[in-house]
Every structure is written in structure tokens, then in C-alpha cells.
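Report on the structure given below.
Protein chains: 4
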Amino acid sequence: LALSVPEVQHHLNRRRPGQSQLTTPRTEADEIELLSGVYQGVTTGAPIAFLLRNRDARPSDYDSLAHSFRPGHADLTYALKYQHRDPTGGGRSSARATAPWVAAGAIARQFLAKQFPSFQCLAWVSQVESLAMPTDAYPETEAEVEASPTRCPHPETAQRMETLIGQAANEGDTLGAVVSGRIAGLPPGLGEPLFGKLHAQLGHALLSINACKGFEVGSGFGGATRKGSQHNDPLSFSDGRFAHVKNDAGGVLGGISTGAPVTFRCAFKPVSTLRLPQQTVDQAGNPITLQARGRHDPCVAPRAVPIVEAMACLVVADLALAQRASAPLLPL
Amino acid sequence: LALSVPEVQHHLNRRRPGQSQLTTPRTEADEIELLSGVYQGVTTGAPIAFLLRNRDARPSDYDSLAHSFRPGHADLTYALKYQHRDPTGGGRSSARATAPWVAAGAIARQFLAKQFPSFQCLAWVSQVESLAMPTDAYPETEAEVEASPTRCPHPETAQRMETLIGQAANEGDTLGAVVSGRIAGLPPGLGEPLFGKLHAQLGHALLSINACKGFEVGSGFGGATRKGSQHNDPLSFSDGRFAHVKNDAGGVLGGISTGAPVTFRCAFKPVSTLRLPQQTVDQAGNPITLQARGRHDPCVAPRAVPIVEAMACLVVADLALAQRASAPLLPL
Amino acid sequence: LALSVPEVQHHLNRRRPGQSQLTTPRTEADEIELLSGVYQGVTTGAPIAFLLRNRDARPSDYDSLAHSFRPGHADLTYALKYQHRDPTGGGRSSARATAPWVAAGAIARQFLAKQFPSFQCLAWVSQVESLAMPTDAYPETEAEVEASPTRCPHPETAQRMETLIGQAANEGDTLGAVVSGRIAGLPPGLGEPLFGKLHAQLGHALLSINACKGFEVGSGFGGATRKGSQHNDPLSFSDGRFAHVKNDAGGVLGGISTGAPVTFRCAFKPVSTLRLPQQTVDQAGNPITLQARGRHDPCVAPRAVPIVEAMACLVVADLALAQRASAPLLPL
Amino acid sequence: LALSVPEVQHHLNRRRPGQSQLTTPRTEADEIELLSGVYQGVTTGAPIAFLLRNRDARPSDYDSLAHSFRPGHADLTYALKYQHRDPTGGGRSSARATAPWVAAGAIARQFLAKQFPSFQCLAWVSQVESLAMPTDAYPETEAEVEASPTRCPHPETAQRMETLIGQAANEGDTLGAVVSGRIAGLPPGLGEPLFGKLHAQLGHALLSINACKGFEVGSGFGGATRKGSQHNDPLSFSDGRFAHVKNDAGGVLGGISTGAPVTFRCAFKPVSTLRLPQQTVDQAGNPITLQARGRHDPCVAPRAVPIVEAMACLVVADLALAQRASAPLLPL
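Protein chains in written order, with this note's numbering: chain A, 90 to 421; chain H, 90 to 421; chain D, 90 to 421; chain C, 90 to 421.
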């Protein structure tokens with residue numbers, strides 16, 4: 090694969106903090122250093138190793154937290170699991186750990202674009218708190234998503250979201266949100282039939298993103314309120330190909346891609362770190378009031394967009410490779 | 090492990106068809122035959138192999154389907170993926186393939202009950218179409234779930250669900266539903282921090298169940314509509330142990346169990362096979378009207394309950410074993 | 090894949106006991122019952138499950154052993170590992186556990202034969218105790234191997250081996266042996282470069298066979314006594330293809346197949362169960378004299394031949410599938 | 090685990106080139122830079138990432154090789170597998186790729202030493218070309234191995250080996266060798282019963298080392314020449330523990346550790362890169378004479394010793410963790 094490193098950097102830049110008023114002012118260059126796997130611009134078949142060094146870690150921001158367990162954070166569960174604490178920023182439960190996922194996803198995306206000429210993977214913010222864009226709308230291009238710092242492609246909703254997030258930021262509070270996604274241009278046949286279903290692997294990958302508490306494919310929880318006679322997508326046939334008349338299935342039947350776009354939604358809880366005071370206990374169990382001084386996002390969703398896309402690309406790239414092993418073997 | 094085969098059979102019986110008016114009249118004894126791994130009633134450490142033979146397969150029910158692609162089914166995607174069709178019932182995309190999962194889950198449950206004395210894993214039908222039981226209610230015992238053929242533990246809602254499902258059955262239609270679950274008695278520390286988060290593995294397992302289109306943990310999609318100051322679960326400390334004052338996290342922080350019950354919900358689409366006529370195309374692409382004659386459930390949710398429990402038990406048993414490898418090594 | 094079940098049965102018959110004077114008189118039909126994965130004679134893509142039931146298990150043969158640890162056997166290590174004993178025959182450390190490997194290998198062989206038209210995998214007994222056939226000789230066909238009950242394809246050596254094994258049987262003793270193998274017709278490029286090298290995976294698979302204590306590829310331990318100027322295989326080029334002038338590498342360089350035949354040898358220790366009296370201790374630690382009454386082979390090597398072939402076929406089939414995933418992706 | 094980085098560096102220094110007259114004069118500091126997984130000297134449970142940068146890569150040494158396929162090297166098989174060449178030193182088939190294995194093994198060794206107080210893993214050069222030290226001798230300490238640049242712990246043999254290797258170096262030739270190993274202080278019960286046998290995993294790991302062409306455990310190929318009545322290791326019982334009177338099994342029965350030392354031997358072919366002229370063909374297929382100018386070892390065995398130890402430590406550390414998951418679960 091002829092690998093474009095600037096394209097990888099482009100997606101890293103979309104994720105990194107300090108992009109707008111809506112995100113944490115912390116700055117991390119997130120410049121990628123390739124260590125192996127690429128020679129003269131082409132992948133060699135060796136693992137692609139790369140390094141993203143922390144530049145702007147300010148451990149002092151975390152001093153006051155070193156002896157407390159922040160509500161909604163993994164501080165307590167890490168301490169109980171590992172019997173050990175590393176209170177500095179950039180730890181494993183930090184959103185910073187998603188930066189390498191974005192880089193890896195950007196490589197997978199280039200692989201997929203080469204394999205499937207009409208491949209496209211886009212995510213966007215479709216809801217902040219209770220403010221949602223129309224459910225049947227979706228962006229055609231990345232530019233539509235990037236047009237607003239909210240990464241909501243529906244201009245009117247985007248503007249109202251911006252106001253909403255700004256208010257929460259002023260109050261020292263944070264907001265939950267929904268990120269929607271759409272993977273187009275996939276061939277039918279991707280996904281395993283029992284474990285490893287396309288949407289189950291996608292669910293695992295997306296639920297791995299910090300703060301993601303829910304995942305649905307196609308009609309999802311809405312489909313639970315429907316009748317079979319409304320929900321089933323009838324088949325049609327033209328030009329020698331089968332297709333579905335509508336896509337409530339979300340591009341997956343029996344865990345296997347149909348060829349229609351794979352559509353999904355991810356629920357993100359509000360960011361746990363607040364500037365508002367919170368009651369909790371310290372490591373000794375004494376009640377304390379916690380008030381964050383660190384630099385944190387009022388709403389995780391805009392920066393989650395490139396992470397969602399990256400994870401989705403990684404999943405379908407894996408499935409495409411697995412499917413290739415099953416296809417008729419060609420002369421080596 | 091001293092293995093109770095009757096307990097395994099008990100859960101198989103909960104899943105098998107023909108249990109009530111609400112389920113398909115097909116009958117499968119689903120009697121388990123143990124092939125290996127148990128000697129004198131105790132597991133030996135060898136893999137536990139077992140066999141559940143199909144007794145009541147009626148391939149003739151499927152004759153009319155052999156040359157068509159049923160809407161909402163995996164017929165088309167299997168044909169495209171494997172370039173090959175096996176149209177008889179009991180195929181891999183049949184719900185029958187979940188019977189061995191239920192048996193495996195019942196074994197995992199016995200392992201967990203021995204490890205964690207207060208372990209309990211219950212699932213139940215919390216919603217059918219738009220009819221939902223109160224969100225804060227949950228059953229204390231399996232008996233409460235089994236009291237109604239709907240497997241809804243809220244008697245008043247259960248009765249209305251029964252009517253609703255009966256109506257759909259009469260109309261030849263089917264209904265979507267939500268199954269909720271609750272795993273109590275787990276220790277803190279289960280789950281991996283990046284990939285393999287407890288709720289991500291649970292999501293993968295539950296989205297693997299036929300017709301499951303969505304998964305959420307704790308507040309889930311509801312959490313996306315909240316503020317951080319409302320959503321965070323404050324910590325408390327008493328009797329030498331940390332706990333959370335409430336459980337919007339659903340028992341998981343950073344992908345690792347907190348010690349609070351793990352709560353989750355699964356969305357099931359309406360069953361795709363209808364007695365109502367449906368427009369679709371046959372394998373040659375000609376428009377046809379399809380009308381199922383097979384024996385199928387009007388709502389998958391009641392029979393999905395033991396499957397959801399089984400998958401949940403398998404996931405947490407795996408995580409408990411993995412965690413044991415990480416704990417301080419003891420003299421062998 | 091159009092699967093020939095009689096071909097699978099053929100290899101199971103080569104492995105099963107009771108074939109000749111040289112093997113145990115125990116009889117096991119080893120008849121294969123296919124459970125899944127094949128429809129109308131063609132594999133469907135679903136896992137191929139099959140069953141080989143034990144028919145001639147005589148637990149009474151093992152009564153005297155139930156309370157002792159047989160020298161050279163896994164009795165003690167299983168008891169220490171699992172804290173539990175299952176003394177009946179057909180346990181996991183019995184050679185009977187290799188029967189399903191032979192069936193699986195026979196399926197892999199059919200896959201390979203279809204992919205690579207000149208594919209051939211043969212093993213044979215090249216040495217019994219210190220009696221070895223010429224090192225540069227190898228069989229061209231399975232028939233040459235099957236011509237003698239010793240499965241040594243060198244008639245003169247085979248006859249002397251037969252005498253040697255007969256003597257040991259009469260004395261109640263057993264003999265070690267070497268089984269050699271040759272996989273021809275593989276394309277270059279199979280095998281992973283660091284872990285998962287072709288010969289490392291082959292070594293793992295063959296060292297998994299009961300009583301196998303050593304594995305070497307190409308020149309092996311003999312190569313350790315050589316100089317680089319003698320050992321290197323020079324390259325040639327003709328008809329547009331690269332080849333090696335000789336094959337001390339054994340068909341593998343850097344863990345990857347060269348296209349030349351993969352040649353290897355496996356050392357088998359003498360069978361541990363003897364009719365000769367042996368000093369050991371019982372489970373209570375008391376000294377006892379042990380004298381086997383069971384039906385056992387005086388030399389494991391003739392029956393090991395189909396097992397060695399099966400494991401070799403499984404390894405290269407895996408590698409062929411893995412390589413296919415890496416090759417240029419074709420339109421699905 | 091309290092991790093000693095100097096101990097890791099110690100083993101890296103044992104592997105790196107330029108240590109004596111017997112090894113390549115290339116110099117690589119091989120200084121380890123820890124990137125993650127250790128905080129205040131203690132492992133955190135996060136993956137331990139480290140970096141060993143190439144300092145002394147001289148691509149010009151490889152210029153003449155860029156268009157030829159060196160006999161005995163992986164040049165051809167990499168080119169055929171990946172359809173792509175990266176001719177510079179430090180490639181994946183270079184012995185340099187074993188440096189991170191040595192670092193990882195040194196970490197595993199510290200883990201094992203903490204778990205099993207009498208744990209010891211030693212390797213040594215037991216044979217060069219046909220010159221072998223006595224088979225029943227083995228070193229008690231690392232110091233005995235390090236006493237000679239040959240890493241043969243038998244002083245008289247070591248001196249003769251040194252002469253032999255020096256001669257080969259003068260002639261521009263290279264020599265094959267055998268490295269022996271011994272892992273003491275392991276508990277019984279490590280290793281899986283079918284696939285994943287202790288010696289099969291060890292074989293896989295050691296056959297992964299560059300130039301290793303053979304592996305044997307215990308009596309190995311010598312055991313193939315023995316009778317069962319000589320080969321079986323009788324059991325004894327004293328002080329409440331079972332033991333074996335001798336150890337021809339090499340510390341493994343049925344793939345599971347017995348508690349006796351695990352003994353093994355690895356065959357290394359002579360280094361393929363020679364200063365002597367060799368006939369081969371270039372990438373276009375034209376006959377050429379190849380004469381290496383690079384800096385290479387006349388015998389790989391002395392530097393292979395720390396690599397063999399590292400791989401052995403990694404395998405038994407994995408098995409110890411796996412066994413821990415199977416042991417009775419303790420309160421978390």
C-alpha cells in the first residue's frame with residue numbers, strides 16, 4: 090500500500106485538543122513518527138509501528154486528584170484492579186489513548202479506499218443532550234461535518250448545539266451526546282455468521298471508546314417499537330444485482346453486510362470531569378469536595394467523531410482481510 | 090467443578106420452543122448428551138463437549154423458501170458470502186443455533202455461582218413494541234420472571250404484553266421488544282482497560298444473538314441526554330469499602346466492574362418471518378409474494394431471555410478467569 | 090470444497106489399531122459421523138463437526154493402573170495439574186486423541202490438493218532404534234509407504250525393522266523411532282517472518298503428537314556440524330523462475346517456504362507401557378512393580394505416520410489461508 | 090512487579106555485537122528506552138513498551154546485496170512473499186530483530202524469579218561443528234557460561250571451540266552449533282495437554298530464532314534409539330513428594346511439567362553470510378559471485394545463548410500465567 094502520512098496526520102489533527110472554543114485548550118501536536126513497516130512510502134508487510142509522544146503533559150494539573158477518586162472516572166476501578174495508581178495525565182483511561190487508534194484507523198481507511206473504490210466512512214454529531222438533528226439526514230462529505238466546530242452537519246442544529254455547549258462550559262458542566270455513523274461502499278459478505286458478526290464487532294470497537302455507553306445498528310432501539318410487517322426491508326432485483334428497497338437493517342443481515350450502507354449510532358455520556366464542585370471521598374474514605382482545574386472538554390462528541398470513524402475503519406478492514414482468506418484461492 | 094446437568098437442562102428447557110401459546114409450536118426436546126469433560130459428575134479440565142440433536146426438523150416447511158430470499162433474513166447474505174445455499178431449517182442463522190449457547194452459559198453460571206457466592210444473572214422482557222414496564226423496577230428472582238409466559242416480571246405490564254403479542258400472532262404479524270439484564274455479585278476489577286472492556290465484550294456477545302440490533306449499559310442512550318452534574322455517581326465509603334451512591338454507570342467505569350450490579354438493555358427487532366404476505370424476489374430476481382407457513386414466534390423476546398442470560402454468564406466467566414491470571418500468583 | 094468422506098475414512102483406517110501384527114490388537118472402527126458443515130457433499134462454510142465414538146474401551150484393562158503412576162506416562166502430571174484422575178482408557182493423553190486430528194488433516198489435505206495441483210504430503214518410518222534407511226531416499230507414493238506394516242518405504246530396511254519390532258514385542262519391550270516427512274508442491278511465500286515461521290508452526294504441531302521428543306527441518310541437527318560454505322543452497326534461474334540447486338534448507342528460508350519440498354524428521358521415544366515389570370510407586374507413594382496387561386504398540390512409529398501427515402497438512406492449510414488474506418484483494 | 094531495568098540491560102548487552110573477537114565488530118548500544126507500563130519502578134499492568142533504536146546501521150554495507158539474493162538468506166522468500174524488497178540492514182530477517190525478544194525475556198525472567206524462588210534458566214554452547222562437550226555436564230551458574238567468549242561452560246572444550254571458530258573466521262567461513270538449555274525450579278503442572286504442550290510451545294519459540302533448524306527435549310533424537318525399559322524414568326516418593334529417579338523425559342510428560350528441570354537442545358545452521366565467494370544469481374537471474382563485506386559472526390551460537398534463554402523465559406511465563414487462571418479462584 091502506498092501510504093499517505095499526511096492523510097494520517099489529517100485525522101490526528103481532527104482529534105487533537107485545542108481545535109476550537111468547544112474543546113479543551115490543552116495542546117498536543119500529536120505528530121506521528123513512523124518507526125517501521127514503511128519503506129520508500131510503501132508498506133512492506135512488516136507491522137507499522139509509530140510513536141506519538143506526549144508534549145504538553147502537566148502532571149501538576151493532576152496533583153489534587155492523586156489522592157481522590159473522581160466520580161464517573163476509572164480512578165477507583167483501576168486502583169482496585171491493579172492495586173496501584175499512576176495519577177498523572179496521559180494514563181490509559183485518558184482520551185489521549187485514542188490518538189493511536191485514530192492513526193491506525195487512518196491507515197485502515199487508505200487500505201479500504203484502495204480495495205473498494207466507492208468506500209466512504211463518515212461519523213457526525215447527531216444529538217447533544219436532547220437537541221437532535223433530523224433522523225433521516227446524513228452528510229455526503231467530510232466537509233459538511235467539518236463545517237461546524239460541533240461536527241454536526243445540519244447547519245441549523247449545529248448552531249443551536251454550539252450555544253448549548255457554550256452554556257454548559259460556562260456553567261462548568263458537561264453534556265452527553267450521540268454520534269452517528271455511515272459506512273458506504275462495502276461489498277456484501279463481510280462479517281462472521283455467529284460470533285464476530287459485523288455489527289457485534291463494530292459494537293465492541295465503538296463501546297471501547299471512552300464514555301460510549303450504547304451502540305445500535307440500523308433501526309436499533311427504535312426497531313424494538315416496530316412490527317415485522319413495517320420493519321422488514323423488501324428485496325428488489327435490477328441490472329443483475331439484488332438490493333433492498335429500504336435499509337432499516339442498517340446494512341447487516343445475520344451479521345453479514347448486505348452491500349447497503351452500514352448505519353449506526355453511539356451514545357456518549359457527559360464528560361465526568363467538571364469544574365462544578367462534586368461531593369465524593371478521598372483514598373482514605375473521607376468526604377471531600379472535588380473541583381477540577383484541568384483542561385477538559387464540555388462535550389466529548391465533536392472530538393469523538395474521528396475516533397468513531399477510525400474504529401469503524403479498523404473493524405471493516407479486519408473483516409475484509411478475513412473474507413479474502415475465505416474467497417477462492419488464486420495462484421500465488 | 091461439580092456440574093449439575095439438570096440445571097443445564099433447566100435453562101435449555103426455558104429456551105426451547107413450544108413452551109406456551111406465545112411461542113412457536115415446534116417441539117425440540119433439546120436433551121443434552123455430554124460427550125467429554127465430566128467424570129463422575131465433576132469437570133476434569135478437558136473441554137466439555139455436548140450434543141443437542143435436531144429431532145423435529147421439518148425440511149418441507151422450508152421447501153417454498155428454497156428458491157427465495159426472505160426479507161429481513163440472512164438468506165441473501167449467506168448466499169452472497171458462501172456462494173452456496175442450505176435451505177433447510179436448523180441452519181446457522183436459525184435461532185436454534187443459540188441452544189448450545191444456553192447450555193454453555195448454564196455451565197458458566199455454575200462456575201460463577203461457586204466463585205462469587207452472591208452471584209446472580211437475570212434477564213427479563215422490559216418492553217414489547219412501545220409498551221414498557223417502569224424503568225426502575227427489576228426482578229429479585231428467576232421465579233418473578235417465569236411467572237408470566239411473556240417473561241416480564243411486572244405483572245400488570247406482563248398481562249398487557251400477553252394481549253399485545255396474541256393480537257400480533259392473530260394478525261400474522263410480529264413485534265419488536267427490549268430485554269433488560271442485571272448481573273449482581275461480581276467483584277470489582279473484571280474487564281480489560283482498552284479493548285475487551287467489560288461492557289464492550291458484553292455488547293459483542295449480546296449483539297451476536299439473532300435479531301439483536303442495539304445494546305446499552307447503565308444509562309445508555311438515556312445518558313446522552315443528561316448533564317455531567319446529574320450523571321456522575323458520587324462515591325461513598327463505609328465499613329472499609331468504597332461504593333457508589335447511585336448506579337447510572339451500570340456497574341462499569343473505564344471498562345472495569347465497580348462491584349455494583351452490571352445493568353444493560355438489548356433491542357430486538359420484530360421477527361422477520363411473517364404469516365402476512367410480503368413482496369420480495371426469488372433467486373432468479375422475479376417478484377414474488379412470500380407467506381410463511383413455518384412455525385415461528387410472534388415475538389422473540391420471551392425466549393431470548395435465557396439466551397441473554399447465557400451470553401452474559403459466558404462473558405463474565407471469561408473475564409473472571411482472565412482476572413485470576415493477573416492476580417498475585419500462589420504456590421502451585 | 091467437494092469433500093470425499095471415504096478419503097477421510099481411508100486415513101482414519103491407516104491410524105486405527107489392529108492393522109497388523111506390529112500394532113495393538115485393540116480394535117476401534119473409528120467410523121466418522123459428520124455432524125455439520127457439509128450439505129449435499131459440499132462444505133458450506135460452517136464448521137465441520139464430526140464424531141468418532143469409542144466402541145472398544147475396556148476400562149477393566151486399566152483397573153490395576155487406577156492407583157499407580159505409570160513411568161513415562163502423563164498419569165502423574167495430569168494428577169498434579171488437574172488435582173483429579175480419570176483412569177479409564179481413551180483419556181486425553183491416550184494416542185486415541187489423535188484420531189480426530191487425522192480426520193481433520195484428511196480434510197485439510199483435500200483443500201490443499203485442490204489449491205495446489207502438485208501438492209503431496211508423505212511421511213514414513215525412516216529409523217527404528219538404531220536401524221535407519223538411507224538418508225537420501227524417500228518415497229514417491231503412499232503405496233511405497235503402505236507396502237510394509239512398518240511403513241518404511243525401503244524394502245530391505247523394512248524387513249529388518251519388522252524383525253526388530255517383533256523381537257521387542259516378544260520381550261515385552263518397546264522401541265523408539267524416527268518418522269520423516271516431505272511436503273511437496275507448496276508455493277513460495279507460506280509462513281510468517283518472526284513468530285509463526287513455517288517450520289516453527291510445523292514443529293509445534295508435530296511435537297504435539299504423543300511421544301514426539303524432537304523435530305528438525307532440512308539439515309536439522311546434522312546442519313549444526315557443517316560449514317556455511319557447504320551448507321548454503323546456491324540459487325539458479327531458468328524458465329523465468331528462481332530455484333535452489335540443493336535443499337539443505339528443507340524448503341524454508343527465514344520461516345517462509347521457498348517452493349522446494351519441505352523436509353523434516355520427528356523423534357519418537359519408545360512407548361512407555363511395557364509388559365516387562367517396572368519399579369515405580371503407587372498413589373500413596375509405596376513401591377510397587379508394574380506390569381501392563383493392556384493392548385499396546387511395541388513401536389509407535391508405523392501408526393504415527395498418518396498422524397504426522399495430518400498435522401503437517403493442517404499447518405500448511407492454515408498458512409495457505411493466512412497468505413491468501415495478504416494477497417491482493419479481488420473484487421468480492 | 091518491581092522491575093530492574095539494569096538487569097534487562099545486562100541481558101541486552103550479552104546479545105549485542107562487538108563483545109569479543111568471536112563476534113561481529115558492528116556496535117549497537119542497544120540501550121533500552123521504556124515508553125510505558127512502568128511507574129516509579131513498578132509495573133502498572135499496562136503493556137510495557139520499549140524502544141531500541143538502530144544507531145550503527147550502515148546501509149552502504151548492503152548496497153552490493155540490493156540486487157542479489159544471498160544463498161541461505163531470506164532475501165528470496167521475502168521478495169516472493171511481499172513482492173517488495175527493503176535491502177537495508179536491520180530488516181526483519183536480521184538477527185537484530187531478536188534484541189527486543191531478549192529485553193522481553195529479561196522481564197519475564199524477573200517475573201518468574203519472583204514467582205518461583207528457585208527458578209533458573211540457563212543456556213550454553215554445547216557443540217560447535219562436530220566438537221561437543223560431555224553430554225551429562227551442565228553449568229550451575231551464568232558465570233560459568235560467561236567465563237569463555239564461546240559461552241561453552243566446559244573450559245577445555247571452550248578453548249578448542251575458540252580455536253575452531255577463529256580458524257573459520259580467518260577462512261571467511263562459518264560454523265554450525267548446538268545450544269543446550271535447562272530451566273530449573275518450575276512447579277509441576279505447566280503446559281497444555283493437547284496443543285500448547287510445554288515442549289511444543291518451547292519448540293515453536295526456539296525454532297523462531299534465526300538459523301535454528303532443530304529442537305529436542307530430554308532424550309530427543311537420542312531417545313529414538315532406545316528401548317522403553319531403558320528410557321522410562323521410574324518414580325520415587327519421599328518427604329511427601331513424588332519425583333523421578335532420572336530425567337530422560339526432560340522435565341515434561343504428556344506436555345506438562347513434572348517439576349524436574351526442563352532440558353532441551355537447539356541446532357543452529359552455520360551463518361549464511363560468508364566472506365568466501367559464493368555462486369548465486371542476481372534479481373534478474375544472471376549468475377554472479379557474491380562476497381560479503383558486511384560485519385557478520387563466524388558462529389551464531391555464543392550470541393544465541395541469551396536469545397535462547399529469553400525465548401524460554403517468555404514461554405514458561407506465559408504458561409505460568411495460564412495455569413494461574415486454572416487454579417482455584419481466590420477472593421478478589
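Glycine included, C-beta positions come from ideal geometry on N, C-alpha and C.
query                                                                                                                              : result
Cβ separation of residue 111 of chain A and residue 188 of chain A, assumed to be a contact under 8 Å, to the nearest whole Å      : 19 Å between Cβ atoms; not a contact.
Between the CA atoms of residue 171 of chain D and residue 178 of chain D - distance to the nearest angstrom                       : At residue 178 of chain D, the pLDDT of 48 sits below 50, so the modelled position is not reliable; the number obtained from the coordinates is stated separately. Near 17 Å, if we compare the C-alpha coordinates of residue 171 of chain D and residue 178 of chain D.
Unbroken alpha helix (DSSP H) run spanning residue 314 of chain D, endpoints                                                       : First-last for residue 314 of chain D: undefined, no H or E at that position.
Coarse secondary structure for residue 331 of chain C, derived from DSSP in three states                                           : strand
Any C-beta of chain C under 8 Å from that of residue 191 of chain A                                                                : no
Residues of the segment 195-206 of chain A with Cβ closer than 9 Å to any Cβ of chain H, in chain order                            : none
Sheet register partners of residue 389 of chain D (DSSP bridge)                                                                    : Paired residues: none, contrary to the question.
Extent of the continuous alpha helix (DSSP H) to which residue 294 of chain H belongs                                              : 287-296
Neighbouring residues, chain A, relative to residue 266 of chain H (Cβ below 7 Å)                                                  : 313
Proximity test, Cβ basis, 8 Å: residue 128 of chain H and chain D                                                                  : yes
Short-range partners of chain D found in the segment 207-230 of chain C, where Cβ spacing is below 8 Å                             : 216, 218, 219
Interface flag, residue 100 of chain A vs chain H, CB-CB below 8 Å                                                                 : no
Amino acids of chain D, ordered along the chain, whose beta-carbon sits closer than 8 Å to that of residue 424 of chain C          : This structure cannot settle anything about residue 424 of chain C, because the visible part of chain C is limited to 90 through 421.
Beta carbon proximity, residue 393 of chain H to chain D, threshold 8 Å                                                            : no
Close-in-space but distant-in-sequence residues of the same chain around residue 413 of chain H (CB under 7 Å, 5 per side omitted) : none
Residue 128 of chain A (DSSP reduced to helix, strand or coil)                                                                     : strand
Simplified DSSP assignment, three categories, for residue 241 of chain A                                                           : coil
9 Å Cβ cut-off: residues of chain A touching residue 175 of chain C                                                                : 128, 129, 133, 135
Any C-beta of chain C under 8 Å from that of residue 170 of chain D                                                                : yes
Endpoints, the beta strand (DSSP E) within which residue 217 of chain D is located                                                 : 209-217
Residues sharing a beta bridge with residue 341 of chain D, DSSP                                                                   : D/346
Simplified DSSP assignment, three categories, for residue 255 of chain C                                                           : helix
Candidates D/199, D/196, D/164, D/193: closest to residue 182 of chain D by CA position                                            : D/164
Closer than 7 Å at the beta carbon, the chain D residues around residue 181 of chain H                                             : 135
Alpha-carbon spacing of residue 399 of chain A relative to residue 406 of chain C, whole angstroms                                 : 34 Å
Pairwise C-alpha distance: residue 275 of chain D and residue 371 of chain C                                                       : 23 Å
Helix, strand or coil at residue 169 of chain D [DSSP, three-state]                                                                : helix
Residue environment, residue 133 of chain D, which counts as buried when at least 16 other CB atoms sit within 10 Å                : buried
For residue 265 of chain H, the nearest candidate out of H/245, H/137, H/389 (CA to CA)                                            : H/389
Backbone CA spacing between residue 135 of chain H and residue 374 of chain D [nearest angstrom]                                   : 26 Å
Residue range of the alpha helix (DSSP H) that includes residue 203 of chain C                                                     : 188-204
Range covered by the alpha helix (DSSP H) that runs through residue 232 of chain C                                                 : 231-235
Residue-chain proximity (residue 368 of chain C, chain D), Cβ-Cβ < 8 Å                                                             : yes
Whole-angstrom distance between residue 355 of chain D and residue 263 of chain D, CA atom to CA atom                              : 17 Å
Per-residue burial, residue 367 of chain C [other beta carbons within 10 Å of its own, 16 or more giving buried]                   : buried
Own chain, CB closer than 6 Å to residue 303 of chain C, minus 5 neighbours either side, in chain order                            : 356
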